[in-house]
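Peer 1: Protein sequence lines correspond, in order, to chains A and B. Heads up: take any position in the first sequence, counting from 1, add 267, and you land on this note's numbering. Heads up: take any position in the second sequence, counting from 1, add 1, and you land on this note's numbering. Shown below is the structure under consideration.
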Amino acid sequence: MNRITQKFDELRQAGRKGLVGYLTAGDPDPGASEKNIRTAIENGLDVLELGVPFSDPTADGPTIQAASHRALRAGMTLGKSLELVRRLRRDTAAPIVLFGYANPFFRRGYARAAEEAAAAGADGLLVVDLPFEEKDELCPHLDRNGLFFIPLVAPTTSAARATKLLARAQGFVYYIMVRGVTGARERLAADLAAQVGLLRRCATLPIAVGFGIQRGEQARAAAQVADAVVVGSALVEAAQKGTLATLVRELRRALG
Amino acid sequence: MTSVTDKKGRFGIYGGQYVAETLMPALIELDLAREQAKTDPTFQARLAELLKTYVGRPSPLYLAGRLTEAFCGARIYLKREDLNHTGAHKVNNTIGQALLAERLGKRRLMAETGAGQHGVATATAAALLGMECVVYMGETDIHRQAPNVKRMELLGAKVISVSSGTRTLKDAMSEALRAWVAEVDTTFYVIGSVAGPHPYPTMVRDFQRIIGDETRAQILDAEGRLPSMIIACVGGGSNAAGIFYPFLGDAGVKLVGVEAAGLGMATGQHAASIGAGKVGILHGSKSYVLQDDDGQILNAHSISAGLDYPGVGPEHALWADSKLVEYCSITDAEALAAFYDLTRLEGILPAMESAHAVAEARKRAPLLGPDGVIVINLSGRGDKDIETALAHGGGPAGGYP
């Protein structure tokens, strides 16, 4: 069974909400990045979203843009990101989702990238700029290797479109709760409960909500309606400040 | 013969819609509006009227006598897009897109710009239709195209300086896409080239094909025949797509797209995506992209801000593969020399972008000989480039008859 499915089954049986955390591979350098990721997992991350750095991250705000550029300057590549997955996989059972943009995967060749990602121990891919209309060029390669394609749903997605997007989706649904790029925000979307409620009618998969969550109280509020929360920019910032363990513990506590 | 767009906006393997899910509903809505507008006589009549009485179309096709003499060969005609209102071909597209924005009930336009021509043309359309306008422009370009920044501001647009990455067109477009995600409900994104996600490449080509349609009628009128060759510069590729498209099926008409070779192809400091790029995905579509083996986008370089972009419109990628169009490149130095050729011989100050096409014509004219007829798409005027030209030495002291 895919580790993602297994993890969400466990969470559901335990009556707990999931903590999905994003960190950019290789930020600020490969060594420190690996250490930070281990810290996050040890302190209670349920699912790791490992950012594969890209030169032109058009869906990311300043925090993750800067993290990508630091990683690239330190020599990070898709190949080295997969190396990192391999090393992490030696001693962690946490599901790992590669989070990135299409071009590095496309350049490497989708078939090769999928094979290598599976061999390294990844469990899924989340490709921000590969919407439903374009996913068929990648998905058969993921299927062949037992990897999940994690679908994104936005506040602009209609119910009819969400039904189409999620018809054969696997793993979990990532609901982007705001119109905008990634980045910590002061408030959760006002219509979050209503939106997730609508999404429940189209989705049987667990729903993770993200974009903007930076504190325990926000995570707790979001988890009232969702099965998991995604925290990205706030973790990247905490890693820079040396407060990553504290933040992950705070989020974990807030989620019960 | 012409390339076929399927419903996903594919040109062969190129094109597509590689954007975040948040933007997909807006692209689908735009595609529908564009299709409906194409067959709506009221929309088409309004567009035609504005192009005629406001933009000043048709733009003239001018037989450049002194240039023909100096280039020692084919007769050279200039398609004078530089004479359009706002000084470039960009306005053909921005008026069209602004009318579509109005149709969709959106009162705020946003745009990315390199040379500033598209920014000015968008700001102009916004003023004309009483809309708000925001333009994203790289910090480097804000400096090298300062007159256009002032024009945009005078027109009431807000120019946002982009200081990330290359600080040129590539990052202006990335930043515009980011901003659009947040404002997609209220804002219409006016893309300036045949680039970006479907339907932009097709839509922009359709708005720009008027250049080629007019050229066809004008050259038949002047010469009683079609031209032997049409030359246009290619950054994203909208002026080239516009003039080439109606001639794609004509076997006797050679179509030549000119990319920017910058400091020289061997230096790596250029913007020739077709000449030296590999297939990749950038800013919403699949096309030729300057990139490294890891799929990271490389920085482009060109003296011309409008060509300084590491990608190219997806339809050009297909035309290159199928050899419907020949693509070549011209260096900064060659473009600068051609800038002076046209200035001193014809009294026409070309945009540095268009000067690349003039430089290519200089090479081709003798090869075609006196029986040849070349049309150069003079896509814009060079007022914005005065500082750049002066910074590069101010031109030859003599040498022109």
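For each residue, glycine too, the CB sits at the ideal point set by N, CA and C. Quick caveat, the model's predicted, so the values are computed rather than measured.
Looking only at DSSP bridge pairs, what is N378/B linked to?
Peer 2: Answer is K80/B, bridged to N378/B.
Peer 1: DSSP three-state label for A495/A, please.
Peer 2: Reduced to three states, the DSSP call for A495/A is strand.
Peer 1: Judging by CA-CA distance, which residue of T513/A, G285/A, A505/A, R520/A is the nearest neighbour of I331/A?
Peer 2: Of the listed residues, the one whose Cα sits closest to I331/A is A505/A.
Peer 1: Note the first and the last residue of the continuous beta strand (DSSP E) segment covering I232/B.
Peer 2: Looking at the DSSP string, the run of the beta strand (DSSP E) that includes I232/B is 230-234.
Peer 1: Name, please, each residue of chain B whose Cβ falls closer than 7 angstroms to the Cβ of F373/A.
Peer 2: Ordered by position in chain B, the residues that pass the 7 angstroms Cβ test against F373/A are G281, I282, G296.
Peer 1: Quick one: which chain A residues come within Cβ less than 8 angstroms of T87/B?
Peer 2: The contacting residues do not exist; T87/B stays about 28 angstroms from chain A at best.
Peer 1: Please state whether the Cβ-Cβ distance between P422/A and Q462/A is less than 9 angstroms.
Peer 2: Yes, Cβ-Cβ distance for P422/A and Q462/A is below 9 angstroms.
Peer 1: Give me the Cα-Cα distance between E176/B and A126/B, rounded to the nearest whole angstrom.
Peer 2: Roughly 21 angstroms separates the two Cα atoms.
Peer 1: Considering Cα atoms alone, identify which of L178/B, A366/B, Q45/B is closest to I96/B.
Peer 2: With distances taken between Cα atoms, I96/B lies closest to Q45/B.
Peer 1: Where P473/A and D172/B are concerned, what is the direct C-alpha to C-alpha distance, given to the nearest angstrom?
Peer 2: Going by the C-alpha atoms only, they are around 36 angstroms apart.
Peer 1: Rounded to the nearest angstrom, what separates T389/B and I211/B at their Cα positions?
Peer 2: Answer to the nearest angstrom: the Cα atoms are 30 angstroms apart.
Peer 1: Does DSSP put Y201/B in a helix, in a strand, or in coil?
Peer 2: DSSP places Y201/B in helix when its eight states are reduced to three.
Peer 1: Just the chain B side, please: which residues come within less than 7 angstroms of T525/A by C-beta, in chain order?
Peer 2: This structure cannot settle anything about residue 525/A, because the visible part of chain A is limited to 268 through 523.
Peer 1: In angstroms, rounded to a whole number, what distance separates the CA positions of V420/A and A318/B?
Peer 2: For V420/A and A318/B, the distance between alpha carbons rounds to 31 angstroms.
Peer 1: Compare the C-beta of R179/B against all C-beta atoms of chain A and say whether one is closer than 9 angstroms.
Peer 2: Chain A contact via Cβ: present.
Peer 1: Compare the C-beta of P26/B with all C-beta atoms of chain A and state if any pair is closer than 9 angstroms.
Peer 2: Chain A, which has a Cβ nearer than 9 angstroms to the Cβ of P26/B, makes this yes.
Peer 1: Along the chain, where does the alpha helix (DSSP H) that runs through M353/B open and close?
Peer 2: Segment 353-369, the alpha helix (DSSP H) holding M353/B.
Peer 1: On the CB-based measure, 16 or more other CB atoms within 10 Å of its CB, does R379/A come out buried or exposed?
Peer 2: Counting Cβ neighbours within 10 Å, R379/A comes out exposed, since fewer than 16 surround it.
Peer 1: Per DSSP, A451/A forms a beta bridge with which residues?
Peer 2: DSSP, once it has assigned bridges, lists no residue as partnering A451/A.
Peer 1: Compare the C-beta of T6/B with all C-beta atoms of chain A and state if any pair is closer than 9 angstroms.
Peer 2: Summary for T6/B: the model assigns pLDDT 49, below 50, so the residue's position carries little reliability; its value from the coordinates is reported in the next sentence. Answer no: the Cβ-Cβ gap between T6/B and chain A never drops below 9 angstroms.
Peer 1: Using a Cβ-Cβ cut-off of 6 angstroms (strictly less than) and excluding sequence neighbours within five positions of G1/B, which residues of its own chain qualify?
Peer 2: What is shown of chain B runs 2 to 402, which leaves residue 1/B out entirely.
Peer 1: Quickly, what does DSSP pair M111/B with across the bridge? List them, please.
Peer 2: M111/B pairs with V135/B, Y190/B.
Peer 1: What number of angstroms, rounded off, separates the C-alpha of M2/B from the C-alpha of D251/B?
Peer 2: Note that M2/B scores a pLDDT of 36, beneath 50, so its modelled location is shaky; the value from the coordinates is reported in the next line. About 9 angstroms.
Peer 1: Reducing DSSP to helix, strand and coil, say where L227/B ends up.
Peer 2: Here L227/B sits in coil by DSSP.
Peer 1: Can a CB atom of chain A be found closer than 9 angstroms to the CB of Q209/B?
Peer 2: So, not an interface residue.
Peer 1: DSSP on T1/B, reduced to helix/strand/coil?
Peer 2: The question about residue 1/B has no answer here: the residues shown for chain B are numbered 2 through 402.
Peer 1: Taking the alpha-carbon positions, what's the V310/A to D294/A distance?
Peer 2: Residue identity check: residue 310/A is Asn in the sequence provided, not Val. Cα to Cα, the separation comes out at about 19 angstroms.
Peer 1: By the DSSP assignment, the beta strand (DSSP E) with Y289/B in it spans what residues?
Peer 2: That run of the beta strand (DSSP E) goes 285-290.
Peer 1: Return the first residue and the last residue of the alpha helix (DSSP H) that E184/B is part of.
Peer 2: Taken as a continuous stretch (DSSP letters only), the alpha helix (DSSP H) holding E184/B covers 170-184.
Peer 1: Could you give the C-beta distance for G282/A and F275/A, rounded to a whole number, given that I count them as a contact under 8 angstroms?
Peer 2: 13 angstroms between Cβ atoms; not a contact.
Peer 1: Using 9 angstroms as the limit for Cβ to Cβ distance, is S425/A near chain B?
Peer 2: Output row for S425/A: interface = yes.
Peer 1: For E246/B, does the three-state DSSP call read helix, strand or coil?
Peer 2: Note on identity: in this sequence residue 246/B is Tyr, with Glu being the wrong assignment. Y246/B: helix per DSSP, three-state reduction.
Peer 1: Let me check understanding here. Comparing Cα to Cα, which of F415/A, G376/A, E277/A lies closest to E316/A?
Peer 2: Residue F415/A is the option with its Cα nearest to E316/A.
Peer 1: Examine chain B for any beta-carbon lying closer than 9 angstroms to the beta-carbon of T330/A, and answer yes or no.
Peer 2: So no, T330/A is outside the interface.
Peer 1: Output needed for K9/B: all residues of its chain with C-beta closer than 8 angstroms, excluding positions within five of it in sequence on either side, in chain order.
Peer 2: Around K9/B: G16, G17, Q18, H199.
Peer 1: Give the DSSP bridge partners of I212/B, in chain order.
Peer 2: DSSP lists no partner for I212/B.
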